[in-house]
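A quick write-up on the structure given underneath.
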Amino acid sequence: MESAPQLTSERTGPVALKAHYRSGQDDLAADFFRPCLRLASSYRRAAGYFSTSALLSCTDALPRVAVEGELHVRIIASPELSLADADTLRRLGSADQVAEFRAVIVDRILEEIIALLDDPSDQALRARVFAWLVANERLQIKFAFPDHVEQAGIFHEKIGVFDFPGGDQAAFTGSANESMGGHRRNYESIDVYRSWFPGEQDRVRTKCEQFDEAWDNMAEGLSVLEPSSDVLQKLRSKAPSRPAHRQTTIAETDAPDPRWRHQEEAVHAFLEKRSGILEMATGTGKTRTSLKILASLISSSAIDAAIVTMDGTDLLDQWSGELEQWNFEG
């Protein structure tokens with residue numbers, strides 16, 4: 001494990017960082033996460049609770065440098081347990097039975113992602129990005145189960161470390177989840193420790209040690225599992241051969257996939273009529289078709305802004321993720 005570099009005087013680091021960020025006065029995504037992700041060579045993150053959809057959404061927070069650059073990401077997460085899973089774990093009689101069922105839960109999460117790879121929905125794009133990152137060893141993920149007390153709750157530790165080329169490190173701790181909600185829409189705060197500040201080196205070192213201890217399954221009162229080699233191999237075998245966002249980018253010039261011909265027809269009809277309503281079956285790509293229309297209008301200088309409005313936060317969250325990724329791709 002690399003320790004924070006020992007410095008005798010304060011100097012300028014690889015990125016200008018404050019010691020504290022708080023929503024309202026700061027944009028955590030624009031002011032902290034995005035600059036660090038663009039410059040870091042690795043990112044270690046213990047991010048608490050994750051459902052399958054939240055796990056896929058974390059790829060929205062990774063800019064294209066994770067695909068086209070050299071960024072490597074390690075995530076420790078707490079899997080979302082159904083009521084039935086939680087009840088089963090409580091009723092199991094031995095440590096071996098508990099460990100076996102936890103392994104089933106971990107593999108099930110990736111199985112759900114694998115099932116999405118061929119789905120004709122916008123969620124499949126996230127699944128393909130995730131699969132490509134895993135297959136190309138840009139993303140590793142493990143899942144944590146607390147054992148520090150009986151009937152323990154979830155793993156809810158939230159720390160992170162950015163490792164920069166040259167040996168500098170920035171560690172942080174705070175309330176933000178690893179999602180676009182945690183980076184931007186929620187009201188969150190984080191404290192940051194920078195290795196290039198002599199008075200903060202011990203805190204950086206502590207956070208590095210805490211993460212690595214958990215990653216290596218050496219943290220007291222915590223069991224950390226990685227997905228089985230079988231399910232990882234299955235994911236790798238179904239992963240796209242090139243970065244998924246490059247395959248499906250709005251400006252793609254390759255021959256169109258005949259499965260999505262209806263999207264191209266809808267784009268053409270909308271642009272020809274100069275207005276319209278997209279009426280398409282669930283899962284056939286209304287969001288992606290809308291973004292294609294938006295991209296065409298922007299590239300032709302027909303518009304310089306757009307308003308997205310929805311009924312309910314679930315759809316707004318979906319649109320926010322799609323727009324964030326589209327913005328990185330463009």
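Using our numbering, you'd call the opening residue of the sequence shown number 1 and step up by one each time. All C-beta atoms, glycine included, are put in the ideal place defined by N, C-alpha and C.
Query, Result
"Exposed or buried, what is Y21 when buried is set at 16 or more other beta-carbons lying within 10 Å of its beta-carbon?", "buried"
"May I ask you to verify whether the segment 127-137 touches the segment 160-174, counting CB pairs closer than 8 Å and requiring at least 3?", "no"
"By DSSP, does H156 sit in helix, in strand, or in coil?", "coil"
"According to DSSP, is D311 part of a helix, a strand, or is it coil?", "coil"
"Give every residue of the same chain whose Cβ lies closer than 6 Å to the Cβ of A19, excluding the five residues on either side of it in the sequence, and list them in chain order.", "V192"
"V15 by DSSP, collapsed to three states: which one?", "coil"
"Taking C-beta to C-beta, are S41 and E70 nearer than 8 Å?", "yes"
"Whole angstroms are fine: how far does the CA of A302 sit from the CA of V161?", "43 Å"
"Name the one or two DSSP bridge partners that R376 has.", "Because the chain in this structure spans residues 1 to 330, residue 376 falls outside the shown range and cannot be described."
"Y187: buried (16+ other C-beta within 10 angstroms of its C-beta) or exposed?", "exposed"
"Please give the ranges of any beta strand (DSSP E) in the segment 75-151, keeping only runs that are unbroken, at least 3 residues long and fully inside the region.", "139-146"
"What whole-angstrom Cβ distance do F211 and I159 have, given they're in contact under 8 Å?", "6 Å"
"What is the C-beta distance between S78 and F143, in whole angstroms, given that I count them as a contact (C-beta under 8 Å)?", "7 Å"
"Mind checking V104: buried by the 16 CB within 10 Å criterion, or exposed?", "exposed"
"Are the segment 101-117 and the segment 32-47 in contact at 8 Å, needing three or more beta carbon pairs?", "no"
"Let's test the definition: count the other Cβ atoms within 10 Å of the Cβ of T287 and tell me whether it reaches 16, buried, or not, exposed.", "buried"
"Return the chain-ordered list of same chain residues with a C-beta closer than 6 Å to the C-beta of I250, the five sequence neighbours on each side being excluded.", "Reliability of the predicted coordinates at I250 is poor, the pLDDT of 34 falling under 50, and the value obtained from them is presented with this limitation in mind. Cβ neighbours of I250 beyond the five flanking positions: L291, K292, A295."
"Given a cut-off of 8 Å, decide if G24 and W196 are closer than it, judged by their beta-carbon atoms.", "no"
"With a 10 Å radius around its C-beta and 16 neighbouring C-beta atoms as the bar for buried, classify K273 as buried or exposed.", "exposed"
"How would you write the range of the alpha helix (DSSP H) that L278 sits in, first residue to last?", "That residue, L278, is in no alpha helix (DSSP H); it is neither H nor E in DSSP."
"To which residues does DSSP link S223 through a beta bridge?", "F145"
"Here's the rule I'm using: 16 or more other beta-carbon atoms within 10 Å means buried, otherwise exposed. How should L83 be labelled?", "exposed"
"Can you check whether the CB of H262 is closer than 8 Å to the CB of T284?", "yes"
"Short of 8 Å in beta carbon distance, which residues of its chain neighbour D163, apart from the five on each side in sequence? Order them along the chain.", "E2, A40, S41, S42, Y43, R44, Q169"
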